[in-house]
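A.B. asks: Going line by line, the protein sequences match chains A and B. Under our numbering, the letters of the first sequence match residues 331 to 639, in that order. Under our numbering, the letters of the second sequence match residues 331 to 639, in that order. Even for Gly, the Cβ is constructed at its ideal location relative to N, Cα and C. Fair warning: this is a prediction, and the values are worked out from it, not measured in the lab. Okay, handing you the structure first.
2 protein chains.
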Amino acid sequence: MPDDPLKSWSDGFTKSAILNFVSRVTREGTPDFVPPPKRIAAFDNDGTLWPEQPTYIQFIFAFDRVKALVPEHREWRTRQPFQAVLEGNMKALVTLGEKALREIITATHSGMTTDQFNAIVADWLANTRDRRFKRFYTELVYQPMLELLAYLRTNGFKTFIVSGAGQDFIRVFADKTYCVPPEQVVGSNTVTELQVHNSSPVLLKMPSVEPVEEGPGKPVAINRFIGQRPIFAFGNSDGDKEMLEWTAAGVGLRFMGIVHHTDADREWAYDRKSDVGRLDKVLDEANAQGWTIVDMKSDWNLVFPTEER
Amino acid sequence: MPDDPLKSWSDGFTKSAILNFVSRVTREGTPDFVPPPKRIAAFDNDGTLWPEQPTYIQFIFAFDRVKALVPEHREWRTRQPFQAVLEGNMKALVTLGEKALREIITATHSGMTTDQFNAIVADWLANTRDRRFKRFYTELVYQPMLELLAYLRTNGFKTFIVSGAGQDFIRVFADKTYCVPPEQVVGSNTVTELQVHNSSPVLLKMPSVEPVEEGPGKPVAINRFIGQRPIFAFGNSDGDKEMLEWTAAGVGLRFMGIVHHTDADREWAYDRKSDVGRLDKVLDEANAQGWTIVDMKSDWNLVFPTEER
C-alpha cells in the first residue's frame, strides 16, 4: 500500500486497532463520532516517542553540561553528585538517588535566560550522537510513532506530549521532530522570573522546578494545561498508569496504547524489572482491560527513520 | 462593506492598524511575514473581552456561591469575609482587602471535582444576568473583540487568553463564547488532586491556588503554557503591562493593543484612578511607544452583540 499512513507498522491486531479507532471516532453521524475539538491525544515522550535506555536523554544532556560548566564550578570536582558525573561513575550516581539527579538538573537548567537555554539545548542536539546507535537524538525517534502522530493530526486530532521530563528541553526539538508545537508540550518546568537586561525583558531560569509528577501528576497536568480529557493516550511505563486510566474513564470510545520494548536487537528489551521506564503494573492492567500493547519486535517493521528520510 | 471582518469597528486609525498588521504578517515572501505556527495572539479577559465593572464577574460568581453554600456553612454568617458578602457590604469587603477575596475564591472553588465545578459554573452562567445590562454574562462580551478573535483565527493565528483570573472558570464558557478551546485558556488554577471515587479517577479541587500573577506573571505564564512569544497582544490595564512589553520586545513586526474604557453610556468609563482595571502606567507607555489604543466610544460602533445574533 503506497499510501498507507502507518507503513512502519506491521499488519496485525495493533495496527488494526489504531486504524479502527480513528475510523470510528471520525465518522460523522455514528454513535462513536467525536468532533475535532475534542480529539485530544496525549503521548508520553521518553520510551514512547524516543528511547530512554541506558538512561533518559535529558540526563545525558545534563551530565554533558556538568562537564562543560566545570571550569566555572571547580568545586564540583570534589562535590557530589557532580564528582560522580565528572568521573563517569554511574553506580555512585544511582546510589545517590533521585535527589542527586534533581540537583544536577537544577544546576544545569538554571542561571540563564530561556533563550540562552534553548540555544544550549539546540547546540547540544546538533552535535551529540547516541553512543550505541551513532545517531543524533532527533533521528533516534520512533518512525512508527512519527507516522501515528501525523496520522492522528491528519484526522483532526491535536497531539500533545505529557512528560515528567523538562518541557523546555522537549520544546526545543518537538516542533521540528514531532511536529508538536511548544504550546502542546506539557512537562516539568524550571521556574522563571521576569527581569530587565539592557532595557529589554528576559525570563531568567531559577534554581527551582515546578514538576509534572509521574503517575498521578499526569492527569493533574492534563487538566491544568489541556483542560480536556484525552480520548487517545500512549505511554510505556508505570509512570503513565494514571494518564491511561484517566483517558479510559471518559465517556465514549477511547484508545489506550502501550509501547512494550521487546526488541534488544533493534532498540532495547525491558519491562517489569527495569530501573528506567519500568512497565509492570500497567502491563497487567493493559492485559486485563484490553488496552493495546505494541510489541515492538513484531508490530514495528522499522524502528528508527531510514537514512533517506 | 458586507464582508467586513471587523464590522463593529468604526473606520479610522485603530481599525486600520489592525488590518494593516494582519495583512503584513500574512503576506508570504515579504520581510514582515510570520509563518502560521508563530502567529500567537494573547488576550487578557476581564476588561478586554468582557466587562470588569463594578467588579470582576468571577467575584460575582463567588459571592453568589457563598450565598448558596451558607446552609452548609452557617458559621459564615458571623465570620469575615463571608459575613460581608452575605450582608452585601462591599465597603467592608474592600477594607478586608485582597487576602479576603482570595479566601472567598478558595472557599467557593474547592471541595468538589473538576466536573462538578464546571457544572456549577455552567449553571450559574445560564441563570444569572448582569444587574445593569440585564444580559447573561456570555452575551456581555465585546462584539468587536469577538470579530477580532475570529479575524485573527481566519488569518492563521492561534488565539490565547492569558488572565490572572481562574482558568477553570473561563474555560467553561470560552470555547462556546470566544471559540477559544480550553487548552488555549491560561489563568490561575485551583490545585487538583487525583482521587478514586466509586472506582473511577476524579480530580478534586483543593483549597490552594497556583496563581498567574498580574503584571510580571503574565510573561512567565506565557512561557510556561504557550512556550512562544506572542506577536499580538491585547490588554486593558496596568496588569497587562509586562505582557505587552514582552510581546513588543520580540523580533519583527508586533501589535500591542489596549482597550480604553471611555464609554460610560454604553459600557463604563474608567482608567487612571480605577480600583478595578486601573489603566495608568500602560496608558503613558502606550502613548510613548505608539501602541494601539482603542477608544471604546469612537472606535466601536457596537459594544455588545445585538439581540439577533
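Let me know if glutamine 473 (chain B) comes out buried or exposed under the rule of 16 or more other beta-carbons within 10 Å of its beta-carbon.
C.D. replies: One-based indexing of the second sequence puts residue 473 (chain B) at position 143. So glutamine 473 (chain B) ends up on the buried side.
A.B. asks: Could you tell me which of B:Val502, B:Ser340 and B:Gln410 sits nearest to valine 516 (chain B), measuring between CA atoms?
C.D. replies: As a working note, residue 516 (chain B) is residue 186 in the second sequence. The shortest C-alpha separation from valine 516 (chain B) is found at B:Val502.
A.B. asks: Taking one C-beta from the region 612–629 of chain A and one from the region 444–460 of chain B each time, how about it: are there three or more such pairs within less than 8 Å?
C.D. replies: The region 444–460 of chain B and the region 612–629 of chain A do not touch, with fewer than three beta-carbon pairs separated by less than 8 Å.
A.B. asks: For the region 549–579 of chain B, list every residue whose C-beta sits within 7 Å of some C-beta in chain A, in sequence order.
C.D. replies: Pro549, Val550, Asn553, Arg554, Phe555, Ile556, Gly557, Gln558, Glu572, Glu575, Trp576 and Ala579
A.B. asks: Indicate whether at least one CB of chain B lies closer than 7 Å to the CB of leucine 524 (chain A).
C.D. replies: Taking the first sequence and counting its residues from 1, the one referred to as residue 524 (chain A) is at position 194. Yes, contact with chain B.
A.B. asks: How big is the Cα-Cα spacing for glutamine 558 (chain B) and phenylalanine 555 (chain A)?
C.D. replies: Here the question's residue 558 (chain B) lines up with position 228 in the second sequence. Here the question's residue 555 (chain A) lines up with position 225 in the first sequence. So the two alpha carbons sit approximately 15 Å from each other.
A.B. asks: In angstroms, rounded to a whole number, what distance separates the CA positions of methionine 388 (chain B) and arginine 465 (chain A)?
C.D. replies: As a working note, residue 388 (chain B) is residue 58 in the second sequence. As a working note, residue 465 (chain A) is residue 135 in the first sequence. Looking at the sequence shown, residue 388 (chain B) is not methionine but glutamine. Glutamine 388 (chain B) and arginine 465 (chain A): Cα-Cα distance of roughly 52 Å.
A.B. asks: So, for threonine 468 (chain B): in the same chain, excluding its five sequence neighbours on each side, which residues have a beta-carbon less than 7 Å away from its beta-carbon?
C.D. replies: On the second sequence, residue 468 (chain B) is found 138 positions in, with the first residue counted as 1. Answer for threonine 468 (chain B): Leu455, Phe503 and Thr507, listed in chain order.
A.B. asks: The region 528–548 of chain B: which residues have C-beta closer than 7 Å to a C-beta of chain A, in chain order?
C.D. replies: Ser530, Pro531, Leu533 and Pro546
A.B. asks: Could you list which residues in chain B have their beta carbon closer than 7 Å to that of threonine 444 (chain A), in chain order?
C.D. replies: Here residue 444 (chain A) corresponds to residue number 114 of the first sequence, with the count starting at 1. Here the neighbours are Asn553.
A.B. asks: Measure the C-alpha to C-alpha separation of glycine 377 (chain B) and leucine 574 (chain B) and round it to an integer number of angstroms.
C.D. replies: By one-based count along the second sequence, residue 377 (chain B) stands at place 47. By one-based count along the second sequence, residue 574 (chain B) stands at place 244. Approximately 15 Å, taken between the alpha carbons.
A.B. asks: Is DSSP giving proline 335 (chain A) helix, strand or coil here?
C.D. replies: Along the first sequence, one-based indexing puts residue 335 (chain A) at 5. Coil, per DSSP.
A.B. asks: Are the region 586–605 of chain B and the region 621–628 of chain B touching, with three or more C-beta to C-beta distances below 8 Å?
C.D. replies: yes
A.B. asks: Using the three-state DSSP reduction, which class does glutamine 525 (chain A) fall into: helix, strand or coil?
C.D. replies: Working through the first sequence from its first residue, we reach residue 525 (chain A) at position 195. Glutamine 525 (chain A): strand per DSSP, three-state reduction.
A.B. asks: Out of B:Thr636, B:Leu609 and B:Pro635, point me to the one whose CA is closest to leucine 625 (chain B)'s CA.
C.D. replies: As a first step, residue 625 (chain B) must be located in the second sequence, where it is residue number 295. A quick correction: the sequence has aspartate, not leucine, at residue 625 (chain B). Here the closest residue by C-alpha is B:Leu609.
A.B. asks: Kindly say whether proline 511 (chain A), judged by its beta-carbon, lies nearer than 7 Å to any beta-carbon of chain B.
C.D. replies: Within the first sequence, the letter at position 181 stands for residue 511 (chain A). Yes, its Cβ sits closer than 7 Å to a Cβ of chain B.
A.B. asks: Using alpha carbons as the reference points, say which of A:Thr425, A:Ile434, A:Asp362 and A:Leu470 lies closest to arginine 395 (chain A).
C.D. replies: Here the question's residue 395 (chain A) lines up with position 65 in the first sequence. For arginine 395 (chain A), the nearest C-alpha among the options comes from A:Ile434.
A.B. asks: Just the chain A side, please: which residues come within less than 7 Å of proline 366 (chain B) by C-beta, in chain order?
C.D. replies: Taking the first residue of the second sequence as 1, we reach residue 366 (chain B) at position 36. Near proline 366 (chain B) there are no residues of chain A at all, since even the closest Cβ is about 10 Å away, more than 7 Å.
A.B. asks: Could you have a look at asparagine 519 (chain B) and say whether DSSP puts it in helix, strand or coil?
C.D. replies: Reading the second sequence from its first residue, position 189 is the one you call residue 519 (chain B). Here asparagine 519 (chain B) sits in strand by DSSP.
A.B. asks: According to a CB-to-CB cut-off of less than 9 Å, which residues of the region 486–511 of chain A neighbour chain B?
C.D. replies: Cβ contacts with chain B: Lys488, Phe490, Gln497, Asp498, Arg501, Asp505 and Pro511.
A.B. asks: Give a yes or no on whether the minimum CB-CB distance between asparagine 519 (chain A) and chain B is below 7 Å.
C.D. replies: As a first step, residue 519 (chain A) is located in the first sequence; it is residue number 189 there, counting from the start. Yes, because at least one Cβ of chain B sits closer than 7 Å to the Cβ of asparagine 519 (chain A).
A.B. asks: Taking phenylalanine 490 (chain A) as part of the alpha helix (DSSP H), name the residues at either end of that continuous run.
C.D. replies: For the purposes of this step, residue 490 (chain A) is identified with residue 160 of the first sequence, where counting begins at 1. No alpha helix (DSSP H) contains phenylalanine 490 (chain A), which is instead part of the beta strand (DSSP E) from 488–496.
A.B. asks: Looking at C-alpha atoms only, which residue of B:Val352, B:Thr522, B:Arg404 and B:Ser340 is the closest neighbour of proline 549 (chain A)?
C.D. replies: As a position in the first sequence, residue 549 (chain A) is number 219, starting the count at 1. Cα-wise, what sits closest to proline 549 (chain A) is B:Thr522.
A.B. asks: Starting from glutamate 540 (chain A), trace the beta strand (DSSP E) in both directions and tell me its first and last residue.
C.D. replies: Start at 1 with the first residue of the first sequence, and residue 540 (chain A) comes out as number 210. Where glutamate 540 (chain A) is concerned, the enclosing beta strand (DSSP E) stretches over 530–540.
A.B. asks: Just grab the DSSP bridge partners of arginine 461 (chain B) for me.
C.D. replies: By one-based count along the second sequence, residue 461 (chain B) stands at place 131. Answer by DSSP bridge pairing: none, since arginine 461 (chain B) is not bridged.
A.B. asks: For proline 365 (chain B), which option in B:Ser518, B:Thr344 and B:Asn485 has the closest C-alpha, if you only look at C-alpha atoms?
C.D. replies: As a position in the second sequence, residue 365 (chain B) is number 35, starting the count at 1. Closest option to proline 365 (chain B), judged by alpha-carbon separation, among B:Ser518, B:Thr344 and B:Asn485: B:Asn485.
A.B. asks: Would glutamate 638 (chain B) be called buried (16 or more neighbouring beta carbons within 10 Å of its own) or exposed?
C.D. replies: Here the question's residue 638 (chain B) lines up with position 308 in the second sequence. Its pLDDT being 45, under 50, glutamate 638 (chain B) is placed unreliably in this model, and the coordinates cannot settle the point.
A.B. asks: What does the Cβ neighbour count give for alanine 414 (chain B), buried or exposed, with the cut at 16 atoms within 10 Å?
C.D. replies: Position 84 of the second sequence, counted from the start, is the residue given in the question as residue 414 (chain B). Under a 10 Å Cβ-count criterion, alanine 414 (chain B) is classified as buried, with 16 or more other Cβ atoms of the shown protein chains found around its own Cβ.
A.B. asks: Tell me the residue span of the alpha helix (DSSP H) that contains isoleucine 348 (chain A).
C.D. replies: What you label residue 348 (chain A) is simply residue 18 of the first sequence in a count that begins at 1. From DSSP, the alpha helix (DSSP H) with isoleucine 348 (chain A) extends over 343–355.
A.B. asks: Is glutamine 514 (chain B) closer than 7 Å to phenylalanine 490 (chain B) when the C-beta atoms are compared?
C.D. replies: Translated into the one-based positions of the second sequence, residue 490 (chain B) becomes position 160. Translated into the one-based positions of the second sequence, residue 514 (chain B) becomes position 184. Their beta carbons are under 7 Å apart, which means phenylalanine 490 (chain B) touches glutamine 514 (chain B) by this criterion.
A.B. asks: Find the nearest neighbour of alanine 452 (chain A) within the set A:Pro401, A:Ala594, A:Gly580 and A:Phe391, judged by alpha-carbon distance.
C.D. replies: Walking along the first sequence from the start, residue 452 (chain A) turns up at place 122. Out of A:Pro401, A:Ala594, A:Gly580 and A:Phe391, A:Phe391 has the C-alpha closest to the C-alpha of alanine 452 (chain A).
A.B. asks: Rounded to a whole number of angstroms, what is the C-alpha to C-alpha distance between glycine 427 (chain A) and glutamate 544 (chain A)?
C.D. replies: The residue given as residue 427 (chain A) occupies position 97 in the first sequence. The residue given as residue 544 (chain A) occupies position 214 in the first sequence. Computed Cα separation, rounded: 16 Å.
A.B. asks: For glutamine 525 (chain A), count the other beta carbons within 10 Å of its own beta carbon; 16 or more makes it buried, fewer makes it exposed. Which is it?
C.D. replies: Mapped onto the first sequence, residue 525 (chain A) falls at position 195. With fewer than 16 Cβ atoms within 10 Å of its Cβ, glutamine 525 (chain A) is classed as exposed.
A.B. asks: Please name the residue in A:Met536, A:Gly342, A:Phe499 and A:Asn566 whose C-alpha comes closest to that of tyrosine 600 (chain A).
C.D. replies: The count along the first sequence starts at 1 and reaches residue 600 (chain A) at position 270. Comparing Cα-Cα distances from tyrosine 600 (chain A) to each of A:Met536, A:Gly342, A:Phe499 and A:Asn566, the minimum goes to A:Asn566.
A.B. asks: Label histidine 527 (chain B) either buried or exposed according to how many other C-beta atoms from any shown protein chain fall within 10 Å of its C-beta, with 16 as the threshold for buried.
C.D. replies: In the second sequence, the residue the question calls residue 527 (chain B) occupies position 197. Classification of histidine 527 (chain B): exposed, given that the 10 Å Cβ count is below 16.
A.B. asks: Can you grab the Cα-Cα spacing for the pair lysine 571 (chain B) / leucine 632 (chain A), in whole Å?
C.D. replies: The residue labelled residue 571 (chain B) in the question sits at position 241 within the second sequence. The residue labelled residue 632 (chain A) in the question sits at position 302 within the first sequence. Roughly 51 Å separates the two Cα atoms.
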